[in-house]
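Please read the structure below before turning to the comments.
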Amino acid sequence: MAYRIVVPFIALLMISACAGPPQTAPSATSVPSPSSSQTAASTTSPGPGEQQAQPVLAETRSTLTPELKVEVVGLNRVKSKHLVIQVRLSNTGAEERLSWTGQMGDNTRPLGRIRWASGIGVLDTEAHALILPYKPADFPCLCTDQDRDGLGYFIDPGESISLYAVTPAPSGNPASTTVVTPVGPPMPNVPISDEPPAVPPGMLIPDPDAEPVTTVIRSLVTPSESLDQYEETADDGKNLQVSLSSDVLFAVNKATLTPKANAILTNTAELIDSSTGATVKVEGHADSSGTDAINDPLSERRAQAVQRALSELVNRQDVDFQAKGYGSRRPLYGNDTDEGKRRNRRVTVSFARPQPAATDQAATPSPSPTPGAEELTGTGKADGQPISMEVTGLRRLPGGLGLLTYRITNDGDREAWFNELHGARDWMSFKYRAAFNVTLTDVEAGRQYLPGRLQVPTGDDIDSYCACTDLSGVRLSSPKFGPGEAKEFWDLFALPAGATALNVKIASFRELTVPVQ
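Note that the sequence shown covers residues -19 to -1, 1 to 498 in mature numbering (1 follows the signal peptide of the UniProt record, and there is no 0).
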């Protein structure tokens, strides 16, 4: 079936494009720019085929090719339920043509890397999710296609092209949101307009209500763990999963709780008391050692032991505990290492996520004094070349999330590869290579935060993609640096309420104390 351009919605957009100057975003909201790759709202010269400039709401740069500039030039809520995102790509170089198609594709679905601008989306912080363009029946997404829209594969030096994506609107009718592309760091606090979109001449945007479409939403799970490694949690915005180490709870091959278990279970009981959910699931898990005949009943008895202890410690009266053992059938990590096996020996307690004691706005601390640039940098070596790192921002987002951005520079006079960003302990948990060798530590609370994970159901399984800079596919060469070349990377984390500063460890660079903005 040929792609159908739908007249009613097109008419709305074309009228707004021809009726006068583009609608601007509310002036009361601005885009913070602690990083040099993001700027406040401004206007730039129109690209080819554009009759007038569009407002620039935010911008970033491609990690793969820093000469590729990405600007958000439109973010409009339509019919109170859809979002039209307009992005302008510009080749700021003076010599080489730049390929854009593979960079803008969503790598979490088929054909994501080819032709389509399917990776343009927004964070729904209230729902802990990444919202991507709708999927119609016969095409990858409601978004720009290089062939259908006549854009070609390349952008010439000094030239620009315009792209669009149509997504569901984020939850809660927010005044602003974080725009995400596969190209560079996300752009937070981009204002959403409720005015009709103003589009460049010739751009036709289909109506998502005109034919059946499927929403494409990736659940965002943010993990953290205690520094003693007794306990780790995974928060998906709805439920909290608390995995307790069986090595601490029980003796080897036993289902009787140890003396140390009481303190750990007391902390878990306090979280359950803070939740309003009626059901608490207690699941026992084993590593791949032994047989199902041993692992299944042992994991069941351990789950029941934890259930009994929690039922005595929890003060709420309306809790329904459900205990079950899964043996070794649901590993969180690979069983090919001792560390993976240790972390798979666990009892997981799942319940409705406790609500924060205060809103994000109330919990946001007063700005801390900004350290000097030398305090947020580190140095090292890559392929014999001097290499440096600078943290460019640790920003608090709504929904208990945080965005870390950092710049890595080859300070040498020869080309170098810096391959340490994907060497994290839990690399096996992710589908592809990414910049997940990064941790945040709250020393006072004794807790460490790991990069978030985007969850994609695949039949009976779930694939996890890092909520951070992708280093796979067309972006395999992102860790390749020319002499003097700098590139920006990013990671999403859970961010503890009220924290004014956290320790940041990126690959082998020295640990830094970074203020929360």
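Cβ atoms here follow ideal geometry from the backbone N, Cα and C, with glycine treated the same way. If you're wondering where the values come from, they're calculated on a predicted model, not measured in any experiment.
Residue environment: residue 464 is assigned as exposed (fewer than 16 neighbouring CB atoms within 10 Å of its CB, all protein chains considered). Annotation: residue 226 to residue 438 spans about 26 Å, alpha carbon to alpha carbon. Counting other Cβ atoms within 10 Å of its Cβ, residue 493 reaches 16 or more and is therefore classed as buried.
The Cβ atoms of residue 253 and residue 135 do not sit closer than 7 Å to each other. In the three-state reduction of the DSSP assignment, residue 322 falls in the helix class, which pools H, G and I.
In terms of CA proximity to residue 198, 150 leads the group 131, 393, 83, 150. In this model, residue 84 and residue 218 are separated by some 29 Å (Cα to Cα). Residue nearest to residue 156 within the set 117, 171, 98, 270 is 171 (criterion: CA-CA distance). Counting only runs of 3 or more residues that sit fully inside the region 56 to 121, the beta strand (DSSP E) segments are 63 to 72, 102 to 105, 110 to 117, in chain order. Counting along the chain, residue 247 sits inside the alpha helix (DSSP H) bounded by residues 242 to 255. Ranking 436, 429, 255 by CA distance to the CA of residue 207 puts 429 first. Residue 275 carries a helical assignment under DSSP once its states are collapsed to helix, strand and coil. Boundaries cannot be given for residue 497, as no beta strand (DSSP E) includes it and DSSP labels it neither H nor E.
Beta-bridge partners of residue 370 (DSSP): 359, 389. For the beta strand (DSSP E) assignment, the uninterrupted runs of no fewer than 3 residues enclosed by the region 442 to 479 are, from N- to C-terminal side, 442 to 447, 467 to 475.
Here residue 44 really is in contact with residue 469; their C-beta atoms are around 6 Å apart, less than 8 Å. Using a C-beta cut-off of 8 Å, the region 466 to 486 makes contact with the region 366 to 378, since at least three inter-stretch Cβ pairs fall below that distance.
Residue 68 sits buried, since 16 or more C-beta atoms from the chains shown fall within 10 Å of its C-beta. A Cβ-Cβ distance of about 6 Å is found for the pair residue 97 and residue 126, placing them in contact under the 8 Å criterion.
Membership of residue 485 in the beta strand (DSSP E) is indicated by the continuous run 482 to 487. Burial state of residue 257 is exposed, judged by a 10 Å Cβ sphere holding fewer than 16 other Cβ atoms.
With distances taken between CA atoms, residue 276 lies nearest to 236 out of 303, 122, 236. Contact annotation: residue 458 and residue 413 have beta-carbon atoms that are not nearer than 7 Å. In the three-state DSSP reduction, residue 216 falls in the strand class (E or B). By the neighbour-count criterion, in which a residue is buried when 16 or more other Cβ atoms sit within 10 angstroms of its Cβ, residue 50 is buried. Put simply, the backbone Cα of residue 132 is about 55 Å away from that of residue 306. Shown here, residue 309 sits in coil according to DSSP, grouped into three states, outside any helix or strand. Taking the Cα of residue 181 as reference, the smallest distance to any Cα among 36, 420, 373 is reached at 36.
Take the alpha-carbon of residue 274 and the one of residue 267: they are about 12 Å apart. Residues of the same chain with a CB within less than 8 Å of the CB of residue 369, apart from the 5 flanking positions on each side, are 358, 359, 360, 361, 389, 390, 392 in chain order.
In the three-state reduction of the DSSP assignment, residue 166 falls in the coil class. No Cβ-Cβ contact shorter than 7 Å links residue 246 with residue 109. A residue is called buried when at least 16 other Cβ atoms come within 10 angstroms of its Cβ; residue 374 meets this threshold and is buried. If you check the CB distance, residue 159 and residue 169 come in under 7 Å. Segment contact: the region 479 to 492 against the region 104 to 120, fewer than three CB-CB distances shorter than 8 Å; contact not assigned. In the structure shown, residue 425 adopts coil according to DSSP, grouped into three states.
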